[in-house]
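Each remark here refers to the structure printed beneath this line.
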Amino acid sequence: MQLRSTDHGQLDLFHARASVLTPRDAQDLMSWPFFSLAKSRRVAPIDFRMGDVSIRVEATVEHGMATIWDADILIWAASQIVDARDKGLRTSRLMAATPYEILAFIGRGDSAHSYNRLKAALDRLQSTTVATSIRQASERRRHRFSWINEWKERMDVNGRPLGIELILPDWFYAGVVDEALILTIDRQYFSLTGGLERWLYRLVRKHGGRQTYGWSFDFRHLHLKSGSLSPFKRFTFDLREIVRRQPLPGYRLALSVDPDGRSRLNFQPNPVDPFASVLVRRDRTTKAVK
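Using my numbering, read the sequence shown as starting at 7 and increasing by one per residue.
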């Protein structure tokens, strides 16, 4: 896919760096249903409304809707931009990187299969369209965009991939460069295999944060917020199974029942081991005096 010369001329090229970065996620993407949670192709749109928030996500038959695994690429992009900004470097919506750099960051191998999956994810991100009222000054205004405006791959004379260039949408980039709209996430997130548990971790991290007493949602509210096509009964079963397994890094999940009979998910940060904290502080002190 070729990038338009008008876009290329207006944007500086930001070269991603291969250094180990702290994963960072966009809070808007953690709070609301923007992605398919299924590994099978989804074409049915997400049409979500809650209060002043409206979200419409549409997919093409050819590629299907961008998935929550595809969103790892956006986490990579956000992490690169925030780290560069914090170091006083110029950032841009036009980014360049090698496939290996992206795949290594999101915890995937560098095989031909992984590279082909990366290209398919980029196609889904580019072809999925979003219309939302989030961060729009007027209630009647909607911002429409794709997760990636355009992307292209560069190859050598033998057809081996040299790198990827992509252009992020204004809506996403504006949220990333505003420090208040970014949160760090646990690197173990990339090891979560289920779409629902990935979505749940992001929601828990956004709302539970580091609050001592955590947070809670009733099941109906969670089902609505997920944008999932699963029937509520199946969604409830899967949610209970996640609570049983406790796969979310850094958080403890629990179930309760409200007085009116509604099931509720409760979550809070795992307690910190004070002995482990002392060892970490001692180690840091020892390194500092060497």
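Every residue, glycine too, gets a C-beta built ideally from N, C-alpha and C.
Being a predicted model, the structure only gives us computed values, none of them experimental.
Proximity winner among the options, relative to residue i (alpha-carbon distances)
{"i": "V136", "options": "T242, P265, P39", "result": "P39"}
{"i": "F41", "options": "R250, G201, K212", "result": "G201"}
{"i": "R226", "options": "I191, F243, M36", "result": "F243"}
{"i": "H213", "options": "T134, D78, I191", "result": "I191"}
Cβ-based neighbour list, residue i, same chain, cut-off 6 angstroms, excluding 5 preceding and 5 following
{"i": "S283", "result": "Any reading at S283 needs caution, since the residue's pLDDT is 42, under 50, leaving its predicted position unreliable; the model's value is listed next. Hits under 6 angstroms: none found."}
{"i": "E203", "result": "I248, P253"}
{"i": "A24", "result": "E107"}
{"i": "N155", "result": "I173, P175"}
{"i": "E171", "result": "A102, K158"}
{"i": "D34", "result": "I140, G181"}
{"i": "V286", "result": "Low local confidence applies: a pLDDT of 40 at V286 is under 50, so the model's placement there is unreliable, with the coordinate-based value given in what follows. Within the same chain, V286 has no close Cβ partners at all."}
{"i": "D224", "result": "R268, R270"}
{"i": "R2", "result": "This structure cannot speak to residue 2, because the chain is shown only from 7 to 296."}
Exposure label - residue i; buried when at least 16 CB within 10 Å
{"i": "D184", "result": "exposed"}
{"i": "R290", "result": "Low per-residue confidence applies at R290: pLDDT is 40, beneath 50, and the placement is therefore not dependable enough to give any value."}
{"i": "L19", "result": "exposed"}
{"i": "T28", "result": "exposed"}
{"i": "T138", "result": "buried"}
{"i": "F238", "result": "exposed"}
{"i": "T199", "result": "exposed"}
{"i": "Q274", "result": "buried"}
{"i": "K293", "result": "Bear in mind that the predicted position of K293 carries a pLDDT of just 42, short of 50, making it too unreliable to give a figure here."}
{"i": "Y219", "result": "exposed"}
Own chain residues within Cβ distance below 7 angstroms of residue i, not counting five before or after
{"i": "P167", "result": "P105, Y121, E159, M161"}
{"i": "W82", "result": "I108, F111, I112"}
{"i": "L43", "result": "I74, G201, L202, W205, S232, S234"}
{"i": "V182", "result": "A32, A84, I87, V88, I188"}
{"i": "A77", "result": "L35, F41"}
C-alpha distance - residue i paired with residue j, whole-angstrom precision
{"i": "W157", "j": "A84", "result": "17 angstroms"}
{"i": "A126", "j": "H21", "result": "22 angstroms"}
{"i": "T97", "j": "L124", "result": "23 angstroms"}
{"i": "Y207", "j": "H69", "result": "26 angstroms"}
{"i": "N164", "j": "V67", "result": "32 angstroms"}
{"i": "V295", "j": "V26", "result": "Residue placement at V295 is poorly supported in this model, since its pLDDT is 42, which falls under 50; the coordinates still yield a value, given next. Distance between the alpha carbons of V295 and V26: 25 angstroms."}
{"i": "R193", "j": "S60", "result": "30 angstroms"}
{"i": "F54", "j": "L230", "result": "8 angstroms"}
{"i": "S37", "j": "A186", "result": "14 angstroms"}
{"i": "F196", "j": "D129", "result": "20 angstroms"}
{"i": "R148", "j": "Q142", "result": "7 angstroms"}
{"i": "S117", "j": "L80", "result": "21 angstroms"}
{"i": "P277", "j": "S222", "result": "17 angstroms"}
Sequence-distant residues of its chain with Cβ nearer than 8 angstroms to residue i (five each side left out)
{"i": "G169", "result": "A102, A103, T104, P105, E159, R160"}
{"i": "R301", "result": "Residue 301 lies beyond the range of the chain shown here (7 to 296); nothing can be said about it."}
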